[in-house]
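Enquirer:
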Amino acid sequence: MILTRALRKMPLGRRLMLTMAIYALAVLVIVVSGWRLVTLVEDYRSTTEVLDLRMREITAVRDTSSRFLTVITAYADTRDPAIGDDVAFKYGQIGRAAEAVSLKEDDIEAVLGGLETVLKDSMGNFEDLRALNQRAGQTYHHLGRLAGEVSGLMAFAQSRMAQAGGSPDPLIARFDQVTALIDEFHIFQRRATGKEAESTLAAFRDALESASRSRPTEAERLALSLADDRLGQISHELTTLLRLSDSWVGQSRFLVFVNLEKVTAAIDALDTLGKVREHQLRADLQDKTRATLIFVGSLAGVVLVLGFLANALVIQSIRRPILALNEVMQNLAGGTLDRAVEGQEAADEIGAMARTLEIFKLNTRRMNELEVEKREILRRENEEIAQSLAQLDEAHREISALNTRLNSENLRLGAELDVSRRIQQMLLPRDEELSEITALDIAAFMESADEVGGDYYDIMKHEGGVRIGIGDVTGHGLESGVVMLLTQSAVRTLTTDGRGDRASLVDVLNRSLAGNMRRMGSGKNLTFALIDYQPRPEGGGAMRVIGQHESLIVIRTDGRVEELDTLMLGMPLGLVDDMRTYLDEAALSLEPGDMVVLYTDGITEAADTGDRLYGMDRLKATCLAHRTETSGAIKDAVIADVRAHIGERAVLDDLTLIVIKQR
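Position in the sequence shown (first residue = 1) + 1024 = our numbering.
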């Protein structure tokens, strides 16, 4: 609630911007989380590649060591020198593979060091075996050479025996058996075969010794003696070969079952450590990945939850008051006006709406109260109307009786109106009177809308100058005509009486008309302007204007058009008894050729069939266009233009126009 009230102090625009900022923050967190996950995947991939590389390095050591074991075991079994050369090559491969191992840790280094030591020991044993193999080979070759010599001596002895006529000696066949056993022992390295060869050789020597004693000749005995000597050497070499074979068997077994087992154990230890390190590193990587995922997920979750809560608060700060306003408006629509509008104290737009709705509710309540009052008034008025209708029915009966009398009197009244109109026309200044005013060229026109008009104008000589009066009685008809006649009579009387003070004349005229209006029970009044003109000896003249009427139009000889506003020079006559405080005067200087136009509102407010008014602008334009002509021609041009504007429409107001030109 506290947060909601705080949010209500913010404008809706800022709250919406806050919502957008929260969404932007959530998107930013998601983007950063995605970037962190991408980085994590890249780290995982690179770390996995490093682990795979390290395991391949350890696997290379293991594989080269395995091949080394295979080759050296094969050499121990076969004694093939070619395989012995391959052992050295495989040993070099192990060294290079061990140097390439990049996992530099103490236990790995220790295992690699132990492997190197065992391999060196194995290579030492291998070199010993290789030396034994070389000595055995040399011994075998020596045995072969001695066997060849024995075979030659035996062949010599046999040839001598053949010359002497003896039978073939079986010793050669027995010696071939010895050499065959020696060859088999050398090939298969079976100790039993070697021992058999040794016993067969001993038996052969015994047989040879017996044969040598039975030889008749010295040459044969010598050949057999040499053969026995060589057989002794063969026996010695065979014994050596047996001893070398025993040494080979012992050392090869030590190599295979001790050194190579150590190598195998070292390889297994290295492989195990590599797998352990791989498992540890992968476990660390997985822990790091899991921790990062948990952190990123938690952060994203917290931001999303906080963003959701913040947006929910913002939405609630908007939704709840709007729902409350909606409920109030529905109540208002249903006619319930007693429930207060909530949220008026809020500083946001919804608070302004609430305050406006409260004002609307109060106004509606007041309107309902007024409606009740109006219905009560209408009820009373209906009652009064009913009473009035009854009275009207009575009056209608009386009027019907009077109509008969009025029909007879209408003829008399029409005659009287015609007399009044004639009186009005007779009281207007005549053309010959106007022509006697030498300083001014004056032309005037007046036409009534009814039989008797309400426009007034008069022009008379006064104290060496000219006094001009113009006015417009409200409305037209007989009553307005009467007011006009009273005005004309009063102005002429006051002027003839010698009252030169314009303000005093207007004040007396107003009091006289106001009194007459009250006696007549009339609400008429009239605008009235009094203008005194005095010529100047040097030429031109001056005007003094008092009273409120339509503005005076002044057109100078150079074409300038001026307007003299009389609004502040007085007020309509007949409204108040004392109007001296409202009166003021204005001065107007005329040069030869200057023109002044006076008029009533019947001119400017003349309307055509489209209700468009004639207007001041058109009046000024017409006067300006004819300013070089006489006042009579200007007057005729204006009246003709007004009639052209009105067209076929009836004249609805009195028309009055006065054109004055300075001679």
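All C-beta atoms, glycine included, are put in the ideal place defined by N, C-alpha and C.
Any contact of the region 1649 to 1657 with the region 1595 to 1606, i.e. 3+ C-beta pairs under 8 angstroms?
Expert: No: fewer than three Cβ pairs fall under 8 angstroms.
Enquirer: Which of helix, strand or coil does DSSP assign to A1468?
Expert: Three-state DSSP puts A1468 in a strand.
Enquirer: Have a look at V1506 and R1584 and give me their C-alpha separation to the nearest angstrom.
Expert: Roughly 39 angstroms separates the two Cα atoms.
Enquirer: Per DSSP, what kind of secondary structure is M1567 in: helix, strand or coil?
Expert: Of the three classes helix, strand and coil, the one that applies to M1567 here is strand, per DSSP.
Enquirer: If we ignore side chains and look at the alpha-carbon of each, how far apart do G1189 and R1254 end up?
Expert: Residue placement at G1189 is poorly supported in this model, since its pLDDT is 49, which falls under 50; the coordinates are not used for a value here.
Enquirer: Determine the direct distance from the alpha carbon of F1469 to that of D1678, and round the result to whole angstroms.
Expert: Rounded to the nearest angstrom, the two C-alpha atoms are 11 angstroms apart.
Enquirer: G1102: which of R1060, V1074, N1157 sits nearest, CA to CA?
Expert: Before going on, a small fix: residue 1102 reads as Thr here, not Gly. Ranking R1060, V1074, N1157 by Cα distance to T1102 puts N1157 first.
Enquirer: Report the rounded CA-to-CA distance for L1681 versus G1545, giving the unit in angstroms.
Expert: If I take the Cα positions, the gap works out to 30 angstroms.
Enquirer: Leaving aside the five residues before and after R1333 along the sequence, list all residues of the same chain whose C-beta is less than 7 angstroms from its C-beta, in chain order.
Expert: In the sequence as presented, Arg is not what sits at residue 1333; that position holds Leu. Closer than 7 angstroms at Cβ, skipping near neighbours: no residue.
Enquirer: DSSP has G1495 in a bridge; who is on the other side?
Expert: The partner list for G1495 (beta bridge, DSSP) reads Y1480, F1552.
Enquirer: Below 8 angstroms on the Cβ atoms is my guess for A1336 versus V1053; work out the distance and round it to an integer in Å.
Expert: So it is not a contact: roughly 18 angstroms between Cβ atoms.
Enquirer: What do you reckon, are the CB atoms on I1492 and A1527 nearer than 8 angstroms?
Expert: Cβ atoms of I1492 and A1527: not closer than 8 angstroms.
Enquirer: For S1504 and T1551, what's the separation of their Cα atoms in angstroms?
Expert: In a straight line, the C-alpha of S1504 is about 12 angstroms away from that of T1551.
Enquirer: Go through its chain and collect everything with a Cβ distance to L1614's Cβ below 6 angstroms, but skip five positions before and after it.
Expert: G1564, G1565, Q1686, listed in sequence order.
Enquirer: Grouping DSSP H, G and I as helix and E and B as strand, with all else coil, what is G1671?
Expert: Residue state, collapsed to three classes: coil.
Enquirer: Beta-carbon within less than 6 angstroms of S1191's beta-carbon, same chain only, minus the 5 sequence neighbours each way: which residues are those?
Expert: Its pLDDT being 45, under 50, S1191 is placed unreliably by the model, and the measurement read from it follows with that caveat. Nothing meets the Cβ criterion.
Enquirer: One question on the structure: do P1596 and G1489 come within less than 8 angstroms of each other, judged by their Cβ atoms?
Expert: Cβ distance not < 8 angstroms, so P1596 and G1489 don't count as in contact.
Enquirer: In this structure, does DSSP put V1490 in helix, strand or coil?
Expert: In the structure shown, V1490 sits in a strand (DSSP, three-state: E or B).
Enquirer: Using the C-alpha atoms, what's the distance from V1365 back to L1379?
Expert: Reading off the sequence shown, one finds Arg at residue 1379, where the question assumed Leu. The alpha-carbon atoms of R1379 and V1365 are separated by roughly 8 angstroms.
Enquirer: Determine the direct distance from the alpha carbon of E1487 to that of S1472, and round the result to whole angstroms.
Expert: Computed Cα separation, rounded: 31 angstroms.
Enquirer: In angstroms, rounded to a whole number, what distance separates the CA positions of A1121 and R1086?
Expert: Rounded to whole angstroms, A1121 to R1086 spans 9 angstroms at the Cα level.
Enquirer: Work out the CA separation of S1322 and V1329 for me, nearest whole Å.
Expert: So the two alpha carbons sit approximately 10 angstroms from each other.
Enquirer: Report all residues from its chain with a CB closer than 7 angstroms to the CB of G1671; omit the five preceding and five following residues, and keep chain order.
Expert: D1632, T1633, listed in sequence order.
Enquirer: Taking DSSP as the reference, what is the three-state secondary structure of Y1638?
Expert: Three-state result, Y1638: coil.
Enquirer: On a CA-only basis, which of I1684, E1405, L1347 is nearest L1576? Give me that one, please.
Expert: Selected option, being the one with the closest Cα: I1684.
Enquirer: Assuming L1177 and A1231 make a contact with CB atoms under 8 angstroms, what is their CB distance in whole Å?
Expert: Rounded, the Cβ-Cβ distance is 14 angstroms, inconsistent with contact.
Enquirer: Using 8 angstroms as the threshold, is the C-beta distance between V1202 and L1225 below it?
Expert: Taking 8 angstroms as the Cβ cut-off, V1202 and L1225 qualify as a contacting pair.
Enquirer: For a cutoff of 8 angstroms on Cβ pairs, would you count R1254 as touching chain B?
Expert: Within the model displayed, chain B is absent; a lone protein chain is all it includes.
Enquirer: Given this structure, state the Cα-to-Cα distance separating M1508 from L1386, to the nearest angstrom.
Expert: Going by the C-alpha atoms only, they are around 53 angstroms apart.
Enquirer: R1568 and A1611 - do their beta-carbons sit closer together than 8 angstroms?
Expert: Yes.
Enquirer: Evaluate S1259 with the Cβ neighbour count: other Cβ atoms within 10 Å of its Cβ, from every protein chain shown; 16 or more gives buried, anything less gives exposed.
Expert: Under this definition S1259 is a buried residue.
Enquirer: How is I1577 classed by DSSP in three states: helix, strand or coil?
Expert: Strand.
Enquirer: Measure the alpha-carbon distance for T1071 versus I1132 and round it to whole angstroms.
Expert: C-alpha separation (whole angstroms): 19 angstroms.
Enquirer: Using DSSP with H/G/I as helix, E/B as strand and the rest coil, what is A1414?
Expert: In the structure shown, A1414 sits in a helix (DSSP, three-state: H, G or I).
Enquirer: Note down the Cα distance separating D1067 from G1058, rounded to an integer number of angstroms.
Expert: Whole-angstrom Cα-Cα distance: 14 angstroms.
Enquirer: Check for me: the beta strand (DSSP E) holding L1502 runs from which residue to which?
Expert: Run containing L1502: none in the beta strand (DSSP E); it sits in the alpha helix (DSSP H), 1502 to 1520.
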